[in-house]
Ligand SMILES: [Zn+2]
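Protein chains in written order, with the numbering used here: chain Y, 460 to 627; chain G, 424 to 593.
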């Protein structure tokens, strides 16, 4: 078990698409343990993707179970070869990234997605998710495609409102 | 020893002001930090944090300011930290234009713990029925509920939306 080094933009490896995982062996499981440990070492990180530790494989973790302000979620997700099969709606939200320290910005994401992915035993799962979890998954899959949230920044003026807590 | 200064430049809007000013700074090896630049009315306003080797920025920018008729103001030794304060709430306000709307809203929200990080307002609507629109990003230091409560006391006819910002880190 080890905390891996997180690489930062402008490291080119963050801008490259990752390869499909074909070998579901013990080294994959070992890597998942290390990747999770690395996520937990980052301040408040709800997700991490393999390219962020310099590994060009389609592997990501998303976990929204420990948020201070709870949100709907599907538990701790270890995602191998994740794919989004449906997108619906749009929502603006603020994002930051372990690979881009000291900056957060507004990004528009699909509000609702259908996601399918394999677990470490190569079994497929598929479900629909929305809101914050959908945002986190889209952020991670972007990493697997060599995209950063910086590629999707929108101006503060591009106001697509989120759920309002207060409307006078 | 390098230091930070905050430059404010304002003048009539015209083509390529940003390019002209930033070129002079770049040629003198001044580094840019945060900047905010926008057209306001017929003017163009620029605020730039600049890191430099204790240069005479007024002298450096004199030619370009004269040529483009820009007013220049320099504040030295502004907070040298680069850490941005993170907003946790987004507030939009709009309503029929009347005097004191910004003062009323911001003072009531300030009393409820709002620290404004970024505020922008615009005038819109028709000539005889103008409306006022304001967007704020800030920190709710006493929580979003305190702001919601304070908003109850804001005059009728002012629409207010308070949206928490939950920044995703991944
Ligand atoms: Zn990221």
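Don't be surprised by glycine CBs; every beta carbon is placed ideally from N, CA and C.
Looking at chain Y, is there any beta carbon in it that lies within less than 8 Å of the beta carbon of residue 564 of chain G?
No, residue 564 of chain G does not count as interfacial toward chain Y.
Take the Cβ of residue 563 of chain G as the centre, count every other Cβ of all protein chains shown within 10 Å, and call the residue buried at 16 or more, exposed below.
Its Cβ being crowded by 16 or more others within 10 Å, residue 563 of chain G is buried.
How long is the line joining the alpha carbons of residue 526 of chain G and residue 473 of chain G, rounded to whole angstroms?
Those two C-alpha atoms are separated by around 31 Å.
Under the three-state reduction of DSSP, which class applies to residue 485 of chain G: helix, strand or coil?
Assignment of residue 485 of chain G by DSSP, reduced to helix, strand and coil, places it in the helix class.
Counting C-beta neighbours from all protein chains within 10 Å, is the total for residue 545 of chain G 16 or more, i.e. buried, or is it exposed?
Label assigned to residue 545 of chain G: exposed.
Are the C-beta of residue 574 of chain G and some C-beta of chain Y separated by less than 8 Å?
With 8 Å as the cut-off, residue 574 of chain G counts as an interface residue toward chain Y.
Against chain G, which members of the stretch 588–604 of chain Y pass a CB distance test of less than 8 Å?
Listed in sequence order: 591, 594, 595, 598, 599.
When burial is assigned at 16 or more other CB atoms within 10 Å of the CB, is residue 608 of chain Y buried or exposed?
With 16 or more other Cβ atoms within 10 Å, it is buried.
Chain Y within 8 Å of residue 478 of chain G, Cβ atoms only:
So, not an interface residue.
Going by CA-CA distance only, name the one from Y:511, Y:570, Y:543 that's closest to residue 549 of chain Y.
Checked all of Y:511, Y:570, Y:543; the closest Cα to residue 549 of chain Y is Y:570.
Report the neighbours of residue 503 of chain Y on chain G: residues whose CB is nearer than 8 Å to its CB, in chain order.
Here the neighbours are 592.
Of all the CB atoms in chain G, is at least one closer than 8 Å to the CB of residue 563 of chain Y?
Output row for residue 563 of chain Y: interface = yes.
Using a threshold of 8 Å, state whether the C-beta atoms of residue 518 of chain Y and residue 497 of chain Y are closer than that.
Judged by beta-carbon spacing, residue 497 of chain Y lies beyond the 8 Å limit of residue 518 of chain Y, meaning their Cβ atoms are not closer than that value.
Evaluate contact between the stretch 545–557 of chain G and the stretch 489–500 of chain G, counting only Cβ atoms and requiring at least three cross-stretch pairs below 8 Å.
Touching, no, given that fewer than three Cβ pairs across the two stretches are closer than 8 Å.
Return yes when at least one heavy atom of ligand 2 lies under 7 Å from the C-beta of residue 519 of chain Y, else no.
With respect to ligand 2, the structure offers nothing, as its ligand set consists of ligand 1.
Quick one, what's near ligand 1 if you take every residue whose CB is closer than 6 Å to any heavy atom, in chain order?
Counting only heavy atoms of ligand 1, the residues whose C-beta sits closer than 6 Å to one of them are, along the chain, Y:556, Y:557, Y:558, Y:598, Y:602, G:593.
Cβ-based contacts, 8 Å cut-off: residues of the stretch 548–560 of chain Y near chain G:
Those residues of the stretch 548–560 of chain Y that come within reach of chain G (Cβ to Cβ, closer than 8 Å) are 552, 553, 554, 555, 556, 557.
Counting pairs of Cβ atoms below 8 Å between the stretch 483–490 of chain G and the stretch 531–550 of chain G, do you hit three or more?
Contact annotation: the stretch 483–490 of chain G does not touch the stretch 531–550 of chain G, with fewer than three C-beta pairs closer than 8 Å.
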